[in-house]
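Engineer: Numbering (the numbering used here), first residue to last: 1 to 304.
Heads up, the beta-carbon is just placed ideally off N, CA and C, and yes, glycines get one too.
A quick note: this is a predicted structure, and the numbers were derived from the prediction, not measured.
#1: Mind reading off the beta-carbon distance from residue 202 to residue 171? Whole number of angstroms is fine, and I expect it under 8 Å.
#2: Using a Cβ-Cβ cut-off of 6 Å (strictly less than) and excluding sequence neighbours within five positions of residue 311, which residues of its own chain qualify?
#3: Residues bridged to residue 3 by DSSP?
#4: With the cut-off set at 8 Å, would you say residue 78 and residue 128 are in Cβ contact?
#5: First and last residue of the alpha helix (DSSP H) that includes residue 246?
#6: Can you give the Cα-Cα distance for residue 196 and residue 142, rounded to whole angstroms?
#7: If we call anything under 8 Å between Cβ atoms a contact, is residue 225 one with residue 209?
#8: Is it a yes or a no for the segment 156-172 touching the segment 241-255, going by three-plus beta-carbon pairs under 8 Å?
#9: Exposed or buried, residue 86, counting other C-beta atoms within 10 Å across all chains shown (16 or more means buried)?
#10: Looking at the unbroken alpha helix (DSSP H) that takes in residue 203, where does it start and where does it end?
#11: Relative to the alpha-carbon of residue 271, which residue among 293, 31, 254, 232 has its alpha-carbon at the smallest distance?
#12: Just verifying my parser: in three-state terms, what is the DSSP assignment at residue 158?
#13: So, is residue 282 buried or exposed, given that buried needs 16 or more other C-beta atoms within 10 angstroms?
#14: Is the beta carbon of residue 287 closer than 8 Å to that of residue 295?
#15: Taking Cβ to Cβ, would you say residue 45 is nearer than 8 Å to residue 61?
#16: Along the chain, where does the alpha helix (DSSP H) that runs through residue 192 open and close?
#17: For residue 138, name the three-state secondary structure that DSSP assigns.
#18: By a C-beta neighbour count over all protein chains shown, 10 Å radius and 16 as the cutoff for buried, is residue 192 buried or exposed?
#19: Report the three-state DSSP secondary structure of residue 286 (helix, strand or coil).
#20: Taking the alpha carbon of residue 144 as the point to measure from, which residue in 38, 302, 14 has its own alpha carbon closest?
#21: CA-CA distance, residue 251 and residue 18?
#22: Which of the three DSSP states, helix, strand or coil, is assigned to residue 302?
#23: Go ahead and label residue 234 buried or exposed: buried means 16 or more other beta carbons lie within 10 angstroms of its beta carbon, across all protein chains shown.
#24: Enumerate, from N- to C-terminal direction, the unbroken beta strand (DSSP E) stretches of 3 or more residues contained entirely within the segment 55-110.
#25: Could you give the DSSP three-state label for residue 294: helix, strand or coil?
#26: So, residue 212 versus residue 64, is the Cβ gap smaller than 8 Å?
If you want it as structure tokens, here you go:
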């Protein structure tokens, strides 16, 4: 379950910084359409060379793509949870329901049993958020743009140690290219990511290397001499804190995308259709521009 009091407290800290991030990107981006590119999902797709049914094989594309379809599938699941699982109790009120009381032993045991099941459901949602390619990609691009860097058309997540020409592994991108790049100007966002995303916890959940009991998540991938695997267990109270940070970040990212649509659709309505910049490296290094049209009825963007 989610607790409204925790969500409100965390949102009050993160929302102003996500607003600042949006404004800073508009100021610092090196082309006026780079933020729009994060919304329409610009990507490099060399596999187009294998297609035989088209003549103009431009590997620089934008649109839903496989990562967009995947993101939408996960969104439907997460959105159902985040809209239907907010407790009527505050977190302090909930804790009172599980305080030891001999006359309510069976009732308390059942609440804790249900809590254990909910935590495992939350673990799945936690993975869906921190593992989803498009979520990571957009956050990475935001960090680039606010620091005055071009949109990265060649962003690619490494799937194994054998992967080549990649931006990095998921945990490296989240920690080094997103979290650490936002630390100076957006300390609340940095702190929320730092608290929410634990590589060891992510790996433990992904590989089912944990067991629960006594309102603890016990991680079985603890390694004594590995500085990145030093967590032995996570109290449910701490997990709830981590998970709520994750959900508030996810909520803010949804709002961020809506702000992008609103901002650029207003430009389209009053100033003309905005353009995006394509920084091509293949088959030759050059820059081209493409105007996009906003379709109000579908809430999407297409080539003009």
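Structural biologist: Looking at the atomic coordinates:
#1: Confirmed, about 7 Å.
#2: With the chain covering 1 to 304 only, the question about residue 311 has no answer from this structure.
#3: Answer by DSSP bridge pairing, in chain order: 87.
#4: In this structure, the beta-carbon distance from residue 78 to residue 128 falls below 8 Å.
#5: Residues 236-270.
#6: Distance between residue 196 and residue 142, taken at the CA atoms: about 19 Å.
#7: No, the pair does not count as a contact, with Cβ atoms beyond the cut-off.
#8: Result no; under three Cβ-Cβ pairs closer than 8 Å.
#9: When all chains shown are included, residue 86 counts as exposed.
#10: Element bounds for residue 203: 199-206.
#11: Checked all of 293, 31, 254, 232; the closest Cα to residue 271 is 293.
#12: Looking at residue 158 - three-state DSSP - the assignment turns out to be coil, as it is neither helix nor strand.
#13: Burial state of residue 282 is exposed, judged by a 10 Å Cβ sphere holding fewer than 16 other Cβ atoms.
#14: For residue 295 and residue 287, no; Cβs fall outside 8 Å.
#15: Cβ distance < 8 Å, so residue 45 and residue 61 count as in contact.
#16: Counted as a single uninterrupted DSSP element, the alpha helix (DSSP H) harbouring residue 192 occupies residues 187-196.
#17: Collapsing the DSSP output to three states places residue 138 in a helix.
#18: Buried: at least 16 other Cβ atoms inside 10 Å.
#19: Strand at residue 286.
#20: The option with the nearest alpha carbon to residue 144 is 38.
#21: Cα to Cα, residue 251 sits roughly 11 Å from residue 18.
#22: Residue state, collapsed to three classes: strand.
#23: With 16 or more Cβ atoms within 10 Å of its Cβ, residue 234 is classed as buried.
#24: DSSP runs (the beta strand (DSSP E)) wholly in the segment 55-110: 60-62.
#25: Secondary structure of residue 294 (DSSP, three-state): strand.
#26: In this structure, residue 64 does not lie closer than 8 Å to residue 212 by Cβ.
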